[in-house]
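Encoded structure:
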């Protein structure tokens, strides 16, 4: 009886929590007149695909596919960069002995808490002088250099748990650190790599601040930047394409969530990822 | 050999963290507009921030209000839902845990913030309520701390509750005397993490306010003002000073939280 009550309470809370998502999907497929007349209703009237047609036409003279392609390039670059660079650093910190290991790792932990704003302006100045503003380099290069120290920490935690006997065995078989990393530790660290890849993808896909700062021409816009073009338009006539593009922008995250929800929830529960 | 593996990270740590920090500290004492050489102006930028820039002080107040409202409301919701889910078992718990976690992934996006702005369209245009909509959007993403709370709840040994029940302790009593003390390290962790993040909130305020922090600067978040000064007016020295004040503020608040933690955070094995 008590458990049934809790269950009902949870369902009610879930309905409240899911309302904005359901509303967005419904709004994206409602004719603008119906939507404006009945803004907060979940099922305001007729269904239309006009919004989606408008969304695919894009904004600012660029089709949606441009934004999608750019977002995909940036997110893929970030995922590859983070997985490679963070796993290399984590291997050194977790499995190799060297004199500065302690202080350097402590420094890496401190940088997790550092607000990006204190490094932002000089980084911008340097990329500007190198002529790299309005390219994807400032968005991807930091990931190739393991600046997301959080993932270094996550992988170090994981790699420390791999039995050291394996290193000994590999050594006897003639493996140096490079082959030991490649053929022993890396394959066994797959869960940590997958967690890193998923979160990097989702955060980069959603990221707005650095894309806002570094991308300036519409043909280089990512999806969040494409959506930004709707922000200034206060007229309701653009509601259909705006909400349809919003839904399209969330689809990859929704798919990742459905496919990897166990990984995501376990990742948050064990490491305190902010999600 | 270890340094071979560390090369990318070391390059990033020196080239993208340490050196830029030093440079931004230097720039904060200069007048720099990206096109002309920086001029040393001493403490002028800092003096101007606190003495001669009412909009800056507004942005500080808005950000502090946001931190003070959004962090506790998000954590309370997270804790309440975690307690609720902790009394479910198996598949039901796993389902709700995943479902409540979803907004934490979606809520950071521009797309959802646009929806939020439309749902609360009357509030967004009212100076007294605009900030509340952003606080609500943040509280809506309670899923991540909730998952952490739930993991913490499942670590509490069951025999503590059994013993208390034998002694006749009711639900409130057990919550107050067992659950909360045992959960306090997790609560502290969530509090520190969410506070640090709340100080840096940007995307939601940018989208909901149409990029300007309005109406009447009521959602002019610190980072939004920093963006405006640094990247639309290109007053890079001024923006660097703002960044350093933010860093110091976050460091001080974190230190204060750590200080108070000895009075309310209970580490079981330390007693």
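Chains as they are written, first to last, in the working numbering: chain A, 5 to 279; chain B, 109 to 379.
Glycine residues also receive a C-beta, built at the ideal position from the N, C-alpha and C atoms.
**Rounded C-alpha distance that separates residue 281 (chain A) from residue 270 (chain B)** = What is shown of chain A runs 5 to 279, which leaves residue 281 (chain A) out entirely.
**Asked** Do you know whose CA, among A:152, A:49, A:131 and A:41, lies nearest residue 207 (chain A)'s CA?
**Response** A:152
**Request:** Spell out a yes or no on whether the region 185-203 of chain A and the region 42-59 of chain A are touching, meaning 3 or more CB-CB pairs, one atom from each, closer than 8 Å.
**Result:** no
**chain B residues whose Cβ lies nearer than 9 Å to that of residue 151 (chain A)** = 117, 120, 121, 124 and 125
**Message:** Assuming residue 273 (chain B) is part of the alpha helix (DSSP H), what are its boundary residues?
**Reply:** 266-274
**Asked** Should residue 131 (chain B) be flagged as near chain A, meaning a C-beta pair shorter than 8 Å?
**Response** yes
**Prompt:** Three or more beta-carbon pairs under 8 Å between the region 207-226 of chain A and the region 138-147 of chain A, yes or no?
**Reply:** yes
**Below-8 Å beta-carbon distance, residue 69 (chain A) vs any chain B residue** = no
**Asked** Helix, strand or coil: which one does DSSP assign to residue 152 (chain B)?
**Response** helix
**Prompt:** In chain order, what residues of the region 123-146 of chain A put their CB closer than 9 Å to some CB of chain B?
**Reply:** 123, 124, 125, 126, 127, 128, 129, 130, 132, 145 and 146
**Bridge partners - residue 223 (chain A), DSSP secondary structure assignment** = For residue 223 (chain A), which the question treats as bridged, DSSP gives no partner whatsoever.
**Asked** Which runs of the alpha helix (DSSP H), 4 residues or longer, sit entirely within the region 151-238 of chain B?
**Response** 152-159, 162-194, 198-214, 218-227 and 229-232
**Proximity to residue 26 (chain A) [Cα-Cα], best of B:289, B:321 and B:227** = B:227
**Item:** Cβ neighbours of residue 240 (chain B) in the same chain (closer than 7 Å, five flanking residues each side left out)
**Value:** 231
**Message:** Contact criterion: CB-CB distance below 8 Å. Does residue 272 (chain A) meet it with respect to chain B?
**Reply:** yes
**Prompt:** Since residue 51 (chain A) is in the alpha helix (DSSP H), which residue starts that stretch and which ends it?
**Reply:** Careful: residue 51 (chain A) lies outside any alpha helix (DSSP H) and carries neither H nor E.
**Asked** Roughly how far, in whole angstroms, is the beta-carbon of residue 179 (chain B) from the beta-carbon of residue 306 (chain B), given that I think they are within contact range, below 8 Å?
**Response** 5 Å
**Prompt:** Mind pulling the chain B residues with CB within less than 8 Å of residue 115 (chain A)?
**Reply:** 121 and 125
**Asked** residue 138 (chain B) by DSSP, collapsed to three states: which one?
**Response** strand
**Prompt:** Going by alpha carbons, who is nearest to residue 34 (chain A) out of A:177, A:148 and A:50?
**Reply:** A:50
**Item:** Meets three-Cβ-pair contact criterion under 8 Å: the region 114-128 of chain B and the region 85-99 of chain A
**Value:** yes
**Prompt:** Could one say the Cβ of residue 181 (chain B) lies closer than 8 Å to chain A's Cβ atoms, at least one of them?
**Reply:** no
**Request:** Could you list which residues in chain B have their beta carbon closer than 7 Å to that of residue 181 (chain A), in chain order?
**Result:** 109
**Request:** Would you mind telling me which residues of chain B sit closer than 9 Å to residue 156 (chain A), beta carbon to beta carbon, in chain order?
**Result:** 117
**Message:** Would residue 245 (chain B) and residue 254 (chain A) qualify as a contact pair, given that the criterion is a beta-carbon distance under 8 Å?
**Reply:** no
**Message:** Taking 8 Å as the threshold (beta carbon to beta carbon), is residue 218 (chain B) in contact with chain A?
**Reply:** yes
**Asked** For the ligand ATP, any of its heavy atoms closer than 7 Å to the Cβ of residue 273 (chain A)?
**Response** The ligand content of the structure shown is nil, which means the ligand ATP is not present either.
**Message:** For chain C, check one thing: does any of its Cβ atoms lie closer than 8 Å to the Cβ of residue 11 (chain A)?
**Reply:** The displayed structure is made up of protein chains A and B, and chain C is not among them.
**Asked** alpha helix (DSSP H) containing residue 109 (chain A): first to last residue?
**Response** 105-116
**Prompt:** Would the beta-carbon of residue 137 (chain B) fall within 8 Å of that of residue 149 (chain B)?
**Reply:** yes
**Prompt:** How would you label residue 2 (chain A), buried or exposed, when you count the other beta carbons within 10 angstroms and need 16 or more for buried?
**Reply:** With chain A covering 5 to 279 only, the question about residue 2 (chain A) has no answer from this structure.
**Prompt:** Distance, Cα to Cα, residue 378 (chain B) vs residue 159 (chain A)?
**Reply:** With a pLDDT of 48 at residue 378 (chain B), under the threshold of 50, the modelled position of that residue is not reliable, and the figure given next carries that caveat. If I take the Cα positions, the gap works out to 28 Å.
**Prompt:** How far does the alpha helix (DSSP H) with residue 338 (chain B) in it reach, from first residue to last?
**Reply:** Here residue 338 (chain B) belongs to no alpha helix (DSSP H), and DSSP marks it neither H nor E.
**Request:** Take the Cβ of residue 269 (chain A) as the centre, count every other Cβ of all protein chains shown within 10 Å, and call the residue buried at 16 or more, exposed below.
**Result:** buried
**Prompt:** Along the chain, where does the alpha helix (DSSP H) that runs through residue 14 (chain A) open and close?
**Reply:** 6-32
**Asked** What residue range is occupied by the uninterrupted alpha helix (DSSP H) comprising residue 132 (chain A)?
**Response** 121-133
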